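Note sheet for the following structure.
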Amino acid sequence: MTAENAAPSQSSSKLPFAARNFHFEAGKERFWYNNDPAVSAYFNALSALFPAGETFFCDSVRALRHEAKDPKLQAEIKEFLAQEAIHSREHHLYNKRISGFGYPMEKLEQRSADMQKIGYMLPKKVQLGFTAALEHYTTIISDCLLNVREHFRAHVSPKDYEFWIWHCVEETEHKSVAFDLLKSTTSPLSFYLIRVFSLFATTLGFNAILMWHIWTLLKVDGLQWNLRAWGRILHYQWVFPGAWRVCAPAWLAWLKPGFHPWQHDNRDLVDAWKKEGGEAKATNAA
Ligand SMILES: [Fe+2]
Ligand SMILES: [Fe+2]
């Protein structure tokens with residue numbers, strides 16, 4: 004096949020990436036975020052979502068990977084599956100450590116898995132749409148955290164920093180894989196309708212279960228009705244760093260018909276992590 008008649012690439016990723024089989028030791032303190040039970044609960048609630056959520060991401064991509072014709076996209080799918088499987092494993096181990104402080108992380112993981120069962124009942128392409136939309140969500144939150152990583156570093160231990168920032172970096176690296184797979188396996192109209200529906204459905208579902216998880220975790224410390232605790236969480240989400248506020252334009256950008264995750268080119272954030280020795284540190288944490 005000549006260069007002129009070669010099929011266009013199905014992948015629009017701007018960043019080569021490979022899975023890193025790291026092990027972490029984060030979550031060794033009860034109120035590990037700035038000695039604050041509220042913001043610690045917010046991050047722990049996120050972590051409780053990941054093992055089941057990332058297993059769902061892998062299952063939905065695996066179910067349709069055979070339809071991708073482009074070797075570049077196939078290679079990215081392989082690394083995506085490996086990265087998400089390692090994230091799932093490391094968050095499960097992290098959750099077990101948090102359980103040691105009396106928090107019902109196992110129950111929350113089970114609740115997340117039960118909610119995920121609804122997703123598994125949907126058609127395969129809608130499942131992939133959910134994955135692409137949730138990947139968008141995790142990507143834009145990761146972008147925010149990576150941009151304020153010095154603030155995050157100042158409030159957590161080095162081991163907690165390594166763990167959360169590593170996950171944000173890898174979410175950035177593979178941000179277009181599920182999107183490109185869905186795009187390459189659906190008609191333009193279906194692609195648009197599935198991803199718009201998926202973004203609204205997953206935004207609602209994700210935030211509802213996140214808040215339920217936070218409430219359950221705060222209850223352990225008797226803070227579930229504490230307005231100051233909730234105020235600190237809402238401040239963290241909406242004011243500073245304010246991922247929910249900062250990410251609103253990026254969330255909306257998904258609705259543009261010609262949207263692609265790499266239209267926001269944030270490779271510099273991955274580079275910055277590598278330059279500060281993130282890869283080496285994460286390897287040493289093994
Ligand atoms: Fe992940
Ligand atoms: Fe991901």
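Numbering (this note's numbering), first residue to last: 4 to 289. Beta carbons are placed, not taken as given, at the ideal position from N, Cα and C, and that holds for glycine. If you're wondering where the values come from, they're calculated on a predicted model, not measured in any experiment.
- It is roughly 50 Å from the alpha-carbon of residue 71 to the alpha-carbon of residue 225.
- Segment contact: the region 200-207 against the region 136-146, three or more CB-CB distances shorter than 8 Å; contact assigned.
- Residue 260 has its alpha-carbon roughly 32 Å from the corresponding atom of residue 152.
- Residue 57 is classed as buried because its beta carbon has at least 16 other beta carbons within 10 Å across all chains shown.
- Straight across, the Cα-Cα distance linking residue 176 with residue 183 is about 13 Å.
- Rounded to the nearest angstrom, the Cβ distance from residue 22 to residue 82 is 5 Å, consistent with a contact under 8 Å.
- For residue 135, same chain residues with a beta-carbon under 7 Å away, outside a window of 5 residues either side, are 181, 182, 185, 198 and 201 in chain order.
- In this chain, the alpha helix (DSSP H) harbouring residue 206 covers 191-223.
- For the pair residue 49 and residue 213, the CB atoms are nearer than the 8 Å cut-off.
- Residue 221 is a Cβ neighbour of residue 232, given a cutoff of 8 Å.
- Of the heavy atoms belonging to ligand 2, none sits nearer than 7 Å to the Cβ of residue 182.
- Apart from the 5 residues on each side of it in sequence, residue 90 sits with its Cβ closer than 8 Å to the Cβ of 53, 57, 170 and 173 in its chain, given in chain order.
- A direct Cα-Cα distance of roughly 21 Å separates residue 257 from residue 80.
- Taken in chain order, the whole alpha helix (DSSP H) runs of length 4 or more contained in the region 215-275 are 230-241, 246-249 and 251-256.
- Between the region 35-47 and the region 58-65, the count of Cβ pairs shorter than 8 Å is below three; the stretches do not touch.
- The beta-carbon distance between residue 97 and residue 166, rounded to whole angstroms, is 7 Å. This is short enough to meet the 8 Å contact definition.
- At least one heavy atom of ligand 2 lies closer than 7 Å to the C-beta of residue 141.
- With 6 Å as the limit between CB and the heavy atoms of ligand 1, the residues that fall short of it are 57, 87, 90, 170 and 174.
- Taking C-beta atoms as the reference points, residue 265 and residue 17 count as a pair closer than 8 Å.
- Across the structure, residue 51 and residue 100 are spaced so that their CA atoms are roughly 12 Å apart.
- Relative to ligand 2, the beta carbon of residue 79 is positioned no closer than 7 Å to any heavy atom.
- Taken from the Cβ of residue 165, every heavy atom of ligand 2 lies 7 Å or farther away.
- Following the DSSP letters along the chain, one finds residue 146 inside the alpha helix (DSSP H) bounded by residues 127-150.
- By the Cβ neighbour-count rule, residue 108 is buried, with 16 or more other Cβ atoms within 10 Å of its own.
- In this structure, residue 209 has its CB at a distance of at least 7 Å from all heavy atoms of ligand 2.
- Cβ neighbours of residue 133 within its own chain (closer than 8 Å, five residues either side excluded): 59, 63, 122, 125, 201, 204 and 205.
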